[in-house]
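The sequence shown finishes on residue 323 if you use full-length UniProt numbering, and the numbering steps up by one all the way, no holes.
Note that beta-carbon positions come from the ideal geometry of N, C-alpha and C, so glycine has one too.
In this text, all values refer to a predicted model and were calculated from it rather than measured experimentally.
Read the structure below first, then the notes.
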Amino acid sequence: MSHQFEPLKNDLLLRAARGEKVERPPIWVMRQAGRYLPEYHQVKGQHDFFECCRSPEIASTLTLQPIERYVGLIDAAIIFSDILVIPQAMGMTVEMIDKKGPSFPSPLKSPDDPQYRQILDKNVDVAKELDYVYKAITLTRHKLKGRVPLIGFCGAPWTLLCYMVEGGGSKMFIQSKTWVYRYPEASKALLQKIAEICVEYLALQVVAGSQLVQVFDSWAGELSPASFADFSLPYLRYISANLPKRLAELGQEAVPMTVFAKGAWYALDSLCGSGYDVVGLDWLHDPVEAMNIARGRVTLQGNADPGCLYGFPRIDYCNVEIW
C-alpha cells in the first residue's frame, strides 16, 4: 500500500537521527500531546482514554494539538496512542482508570495460568487488531501536510511483560521479579512472543506513514545489569535486527529507530551497539560521559530532567544545554 503524502518540509529530526550534521538540535517532547493542554480535554470530553486511541479522528486531532499550539517550536509529532495496545491485541483486558493509570483486571499469575498458554498460542493478527492505529497514522500524515515528521512507537517486551503480570504500574515490581527469577524460561517465551508482535506492529506503522519509530522500555531500570542483559536487551536487539528485514519484505525503506531504556544508565554502551540509530537518555546520564561512551555510534536524544519544570517560572537550574 502506498500513500500520497505531501513532501516533508522540516526533516531536522530525520537528519539528526541518521547522524547527519544539523543546524540545531531538533525538539520534541514525550507526552507532548496530552492532558496538560486545555484543548485535549475539550476533544476527549467523556470519551474513555482507549476510545480516543481507537478513534482515528480523535487520535489524529490530539496528535496535532501541540504542533498547532506551538507553531515552529516542535520538530516532530508522535502519534497519540499507548504502549498497552499490544497486550490488548494479545487478548488481555486493559482499562485506563482516571487518576490511577492502566489496570489489568486479570493479570498473568504464573505459567500455570490458562491465560498464559492462550496468549502464547494465539496467532495475533497484528494488521487487524491494531488497524485503528494505522488509520490514525495515515490520517495524521495527511493532516500534517509535511510540516514535521511523524513518530510511531511501541513498548519494549520487558516493560509490557511488567504490566501484564503486575496488573498495572508498580513501585516494587514483585510480580515481574517473581516471573523472571522463578519462571525464567516461561518469561523468555512471553518476551519473544511480544518482540515478534512489536516488529510487525512497527513495520505496519511505517507502512501507514510513520517516518521514525521508537521503542520505550520504561521499566528497564528495574532490572540489574545482569538481568537487563538477559531479559531486556536480547529482545530490543531482536526488534532492531528484524524490523528492517520486515520492512524490506513489505517493500518499504528502513526508517530511523530509537530505543529508550529508562533508568538503565549502566547499559548505555550495550544500547549504543544494539542496532538502533538513536538512543534516548533520561536525566540520570551525564551528557559528556554519555557522548564519550557512545563514541559517535548513535545519535543521543533527551537527557533533560522534566522535574525541573516544577520550579517554573524559575528554570535556571534545569541545566538544559545544547550539546
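query: Inter-residue Cα distance where the pair is ILE322 and ASN292; result: Any reading at ILE322 must be qualified, since the residue scores a pLDDT of 46, below 50, and its modelled position is unreliable; no value is offered.
query: Meets three-Cβ-pair contact criterion under 8 angstroms: the region 49-66 and the region 128-144; result: yes
query: Supposed contact pair LEU120 and LEU190 - C-beta distance, whole angstroms, cut 8 angstroms; result: 7 angstroms
query: Alpha helix (DSSP H) segments (min. 4 residues) lying fully within the region 129-168; result: 131-144 and 157-166
query: Reduced DSSP secondary structure (H/G/I, E/B, other) of LEU309; result: helix
query: Burial state of ARG295, where buried means 16 or more other Cβ atoms lie within 10 Å; result: exposed
query: PRO111, DSSP secondary structure in three states; result: coil
query: Of the residues MET96, TYR183 and ALA77, the one placed nearest MET30, counting alpha carbons only; result: ALA77
query: Member of ARG147, ARG297 and TYR132 whose CA lies at the smallest distance from the CA of ASN10; result: ARG147
query: Residue burial classification, ILE27 (beta-carbon count within 10 angstroms, cutoff 16); result: exposed
query: Cβ pair TYR276, SER240 closer than 7 angstroms; result: yes
query: Range of the contiguous alpha helix (DSSP H) that encloses PRO38; result: 38-44
query: Beta-carbon spacing of LEU268, ALA17 below 7 angstroms; result: no
query: Span of the alpha helix (DSSP H), counted from its first residue to its last, around GLU196; result: 184-208
query: Reference LEU64; option with closest CA among GLY169, GLY19, LEU14 and ARG141; result: ARG141
query: First and last residue of the uninterrupted beta strand (DSSP E) at THR299; result: 299-302
query: Three or more C-beta pairs below 8 angstroms linking the region 58-73 and the region 93-102; result: no
query: Whole-number beta carbon distance between THR159 and SER218, since they are thought to touch under 8 angstroms; result: 5 angstroms
query: Proximity below 7 angstroms, CB of ALA33 to CB of PRO66; result: yes
query: Distance CB(PRO107)-CB(VAL199) smaller than 7 angstroms; result: no
query: 7 angstroms CB neighbourhood of SER274 in its chain, flanking five on each side removed; result: LEU233, LEU236, ARG237, SER240 and VAL259
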